[in-house]
Amino acid sequence: MSFYIAGTGSALPEKVVSNDDLAQFLDTSDEWIFTRTGIHRRHVLTHERLDELAIRSAQIALQDAGIGGEEVDLILCATMRGDTFTPSLACTVGEAVGSHAPSFDVNAACVGVLYCMEIADSFFVAGKAKTALIVSAEAMSKLVDWTDRSTCVLFGDGAGAMVVRAGEGRLAGELSTRPDSHVIRMPNIEGLNSPYNRIEQEKLAMYMDGGEVYKFAVNAMGSNIAEACAQAGLTPADIDWYLPHQANVRIIDASLRKFKIDKSKVLLNIAECGNMSATSVMVLLDEYAKKGTFHKGDKLLFVAFGGGLTSGAVIVTWQK
Ligand code: UT7
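Under this note's numbering, think of the first position of the sequence shown as 35, with each following residue one higher.
#1: With a 10 Å radius around its C-beta and 16 neighbouring C-beta atoms as the bar for buried, classify residue 231 as buried or exposed.
#2: Given a threshold of 16 other Cβ atoms within 10 Å of its Cβ, counted over all protein chains shown, does residue 320 qualify as buried or as exposed?
#3: Any heavy atom of ligand 1 closer than 8 angstroms to the CB of residue 344?
#4: Where do the ends of the alpha helix (DSSP H) carrying residue 275 lie?
#5: Of all the beta strand (DSSP E) runs that stay within the bounds of the segment 260-310, which reach a length of 3 or more residues?
#6: State yes or no: is the C-beta of residue 140 within less than 9 angstroms of the C-beta of residue 113?
#7: State yes or no: is the C-beta of residue 197 within less than 9 angstroms of the C-beta of residue 101?
#8: Is it the case that the segment 153-164 contacts the segment 174-192, given that we only count it when at least three CB pairs across the two stretches are under 8 angstroms?
#9: When DSSP builds the beta bridges, which residues end up paired with residue 208?
#10: Could you check if residue 279 is buried or exposed, using at least 16 other CB atoms within 10 Å of its CB as the buried criterion?
#11: Checking contacts by CB at 9 angstroms: is residue 145 closer than that to chain C?
#12: With a CB to CB cut of under 6 angstroms and the five nearest residues on each side skipped, what residues in its chain are close to residue 341?
#13: Quick check on residue 333: does DSSP put it in helix, strand or coil?
Structure below.
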């Protein structure tokens, strides 16, 4: 007995920034960005706080599941950095929805939601939770270097949430890491002003070796899909819907090509949202759930890769 998805929600910042808008202050173009990544636009935080979006997406997911915050007995939040280091974003969401459940943030970069699903699975299997709220919120616009055209054009901001409840639904989960601290690196600002700090401060913004990430992503997503399907006793053709991390359409195509999957099964929103790190698959799930794409019994495969370097795949049956 593990869990099924009982409700979903998402919230995006109001401000939409197009590739043409970026070309006003960066040496780039819609043609370069779209042909290399599939991105046209992304949402960017201006007047909103990240926790406002996280709370809104959680409230929508709870309403969709038909439950109140007091019924939640575990809150997990996939984020690389909330508005505050403490309280965690998960605690802030818990306070807003009226929950006293154990709450903590999980940083597994873009794979964070899949890590949260697997942590929730462990709580359910151990009998320690019956209802979990999994939230993800990322403010990528506050983490990238806006003078580095090779990274800042790729990302967007947003938040999403899902309620998972005890029951049959999760079929498989496969997480893996290929530790590498240089391919994607985002130093934090701890110790910036400490008079005792003797370690030279790293550049504050994100660094990424795009080509290396590309190679890792294609291999990792391919093997995580194969392993998760094997665990569930399925073949990739048995999956009804693929929800891949929305980093780059070319990466998604290349990692799925060998499975010869019908492209209409591969869900995308990268053109409108860019890469929202962990939050991408959550917003994708909510968008297609609300469109009525999924039917009871459909098999959904989540697959993602990110900094760490982390990767994973989770398969669930849609039960609503
Ligand atoms: O969640 C994990 C996130 N990470 C990723 O998803 C990254 C995965 N990697 C990628 O998506 C691709 O490697 C990129 C989209 C980042 C880059 O595509 P690419 O085809 O590998 O381009 P490149 O890095 O080889 O750069 C080609 C050229 C370079 O110019 P030169 O050296 O050939 O003169 C870059 O300076 O394109 C230049 N360039 C740009 N030009 C216009 C880099 N960024 C831009 C830009 N606009 N935004």
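For every residue, glycine included, the Cβ atom is placed at its ideal position computed from N, Cα and C.
Quick answer:
#1: Looking up residue 231 in the sequence shown gives position 197. It is exposed - the Cβ of residue 231 has fewer than 16 other Cβ atoms within 10 Å.
#2: As a first step, residue 320 is located in the sequence shown; it is residue number 286 there, counting from the start. Under this definition residue 320 is a buried residue.
#3: Walking along the sequence shown from the start, residue 344 turns up at place 310. Outside the cutoff, so no.
#4: What you label residue 275 is simply residue 241 of the sequence shown in a count that begins at 1. Counting along the chain, residue 275 falls outside any alpha helix (DSSP H), though it belongs to the beta strand (DSSP E) covering 275-278.
#5: 275-278
#6: For this step, residue 140 is matched to residue 106 along the sequence shown. For this step, residue 113 is matched to residue 79 along the sequence shown. In this structure, residue 113 lies closer than 9 angstroms to residue 140 by Cβ.
#7: Here residue 197 is taken as the residue at index 163 of the sequence shown, counted from 1. Here residue 101 is taken as the residue at index 67 of the sequence shown, counted from 1. It is a contact, given that the beta carbons lie within the stated cut-off.
#8: no
#9: Within the sequence shown, residue 208 is the residue found at index 174, counting from 1. Residue 208 is bridged to 347.
#10: As a first step, residue 279 is located in the sequence shown; it is residue number 245 there, counting from the start. Answer is buried; the Cβ neighbour count reaches 16.
#11: Considering every chain present, this structure includes no chain C. It has just one protein chain.
#12: Working through the sequence shown from its first residue, we reach residue 341 at position 307. Here the set comprises 143 and 218.
#13: Looking up residue 333 in the sequence shown gives position 299. DSSP places residue 333 in the strand class (E or B) of the three-state scheme.
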